[in-house]
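J.:
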Amino acid sequence: MWRCPLYVPKQPSTLKRLLHLGSFAASSFFPLMAQRRWKPDRIIGVVPTLFCTPGMRLLAKLSGARTVLHIQDYEVDAMLGLGLAGKGKGGKVAQLATAFERSGLHNVDNVSTISRSMMNKAIEKGVAAENVIFFPNWSEIARFQHVADADVDALRNQLGLPDNKKNHSLLRQYW
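Heads up: the sequence shown runs through residues 136 to 310, numbered per this note's numbering.
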């Protein structure tokens with residue numbers, strides 16, 4: 136684990152928000168580049184923050200890795216929706232942010248996201264449909280209820296888990 140300090144403003148504003156995101160991208164850049172030593176074959180960048188995408192892409196280029204940009208939130212849309220870009224979608228800040236987002240989305244191998252509507256938004260933003268991946272960040276616990284004891288025992292045996300381990304009861308509860 137690498138600790139990367141960042142600036143957190145007491146009173147947020149558009150400029151301070153950009154400095155906040157940029158400070159994390161800057162402080163995480165060198166630890167990110169240090170990962171070249173072990174030659175990753177895949178690099179996954181999680182948004183927020185989109186500001187880290189250029190570093191991710193550089194590491195991928197240097198290591199020959201493929202890239203996935205995983206979108207948890209469309210930061211630029213949120214910024215524009217909250218009116219943090221000054222003169223709205225036509226202003227310079229909005230145009231620059233939109234161009235930066237477009238560059239990030241279009242220069243990675245795949246874009247994954249957490250919902251079908253967000254997948255559609257990626258496609259609307261110009262990402263090829265075949266490059267968009269559905270990757271939800273929740274689980275469907277209902278499918279793990281009312282599991283037969285025999286099925287739990289079979290899985291426990293397959294995984295080599297002893298009868299007296301606590302995870303045995305967790306398997307019964309959530310499988």
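Cβ coordinates follow ideal geometry from the N, Cα and C atoms, glycine included.
Here the structure is a predicted model, which means the values were calculated and not measured.
(1) Within its chain, find whatever has a CB closer than 7 Å to the CB of glutamate 236; leave out the 5 residues flanking it on each side and keep chain order.
(2) Taking only the alpha-carbon atoms, compute the straight-line gap between alanine 257 and valine 246 and give it to the nearest angstrom.
(3) With the cut-off set at 9 Å, would you say aspartate 176 and arginine 201 are in Cβ contact?
(4) How many angstroms separate the CA atom of aspartate 244 from the CA atom of proline 297?
(5) Rounded to the nearest angstrom, how far is the Cβ of leucine 194 from that of glutamine 170, given a contact under 8 Å?
(6) What is the DSSP secondary structure of phenylalanine 279, reduced to helix, strand or coil?
(7) Taking the Cβ atom as the reference point for each residue, do arginine 192 and asparagine 242 lie within a distance shorter than 9 Å?
(8) Compare the C-beta of methionine 214 against all C-beta atoms of chain C and say whether one is closer than 9 Å.
(9) Looking only at its own chain, which residues have a Cβ that is under 6 Å from the Cβ of leucine 156, when we skip the five neighbours before and after it?
(10) Confirm, please, whether the CB-CB distance from valine 228 to tyrosine 209 is below 9 Å.
(11) Among the residues of its own chain, which have a CB less than 6 Å from the CB of isoleucine 81, if the five just before and after it don't count?
(12) What is the rounded straight-line gap between the Cα of tyrosine 309 and the Cα of valine 282?
(13) Where DSSP assigns a beta bridge to phenylalanine 269, which residues make up the other side?
T.: Based on what the coordinates show:
(1) As a working mapping, residue 236 is identified with position 101 in the sequence shown. Leu185 and Val211.
(2) Position 122 of the sequence shown holds residue 257. Position 111 of the sequence shown holds residue 246. The straight-line gap from Cα to Cα measures roughly 8 Å.
(3) Start at 1 with the first residue of the sequence shown, and residue 176 comes out as number 41. Start at 1 with the first residue of the sequence shown, and residue 201 comes out as number 66. Cβ distance < 9 Å, so aspartate 176 and arginine 201 count as in contact.
(4) Numbered from its first residue, the sequence shown carries residue 244 at position 109. Numbered from its first residue, the sequence shown carries residue 297 at position 162. Their backbone Cα atoms lie some 42 Å apart in a straight line.
(5) Taking the sequence shown and counting its residues from 1, the one referred to as residue 194 is at position 59. Taking the sequence shown and counting its residues from 1, the one referred to as residue 170 is at position 35. Yes, leucine 194 and glutamine 170 are in contact; Cβ-Cβ is about 6 Å, under 8 Å.
(6) Taking the sequence shown and counting its residues from 1, one reaches residue 279 at position 144. In the structure shown, phenylalanine 279 sits in a helix (DSSP, three-state: H, G or I).
(7) By 1-based counting over the sequence shown, the position of residue 192 is 57. By 1-based counting over the sequence shown, the position of residue 242 is 107. Cβ distance < 9 Å, so arginine 192 and asparagine 242 count as in contact.
(8) No chain C is present in this structure, which holds just one protein chain.
(9) Against the sequence shown, residue 156 aligns to sequence position 21. Within its own chain, the residues whose Cβ lies closer than 6 Å to the Cβ of leucine 156, once the five positions on either side in sequence are excluded, are Thr184 and Phe186, listed in chain order.
(10) On the sequence shown, residue 209 is found 74 positions in, with the first residue counted as 1. On the sequence shown, residue 228 is found 93 positions in, with the first residue counted as 1. Cβ distance not < 9 Å, so tyrosine 209 and valine 228 don't count as in contact.
(11) This structure cannot settle anything about residue 81, because the visible part of the chain is limited to 136 through 310.
(12) Counting from 1 along the sequence shown, the entry for residue 309 is found at position 174. Counting from 1 along the sequence shown, the entry for residue 282 is found at position 147. Any reading at tyrosine 309 must be qualified, since the residue scores a pLDDT of 42, below 50, and its modelled position is unreliable; the value itself is stated next. In this model, tyrosine 309 and valine 282 are separated by some 8 Å (Cα to Cα).
(13) To locate residue 269, count along the sequence shown from 1; it is residue 134. Looking at the DSSP output, phenylalanine 269 bridges to Thr248.
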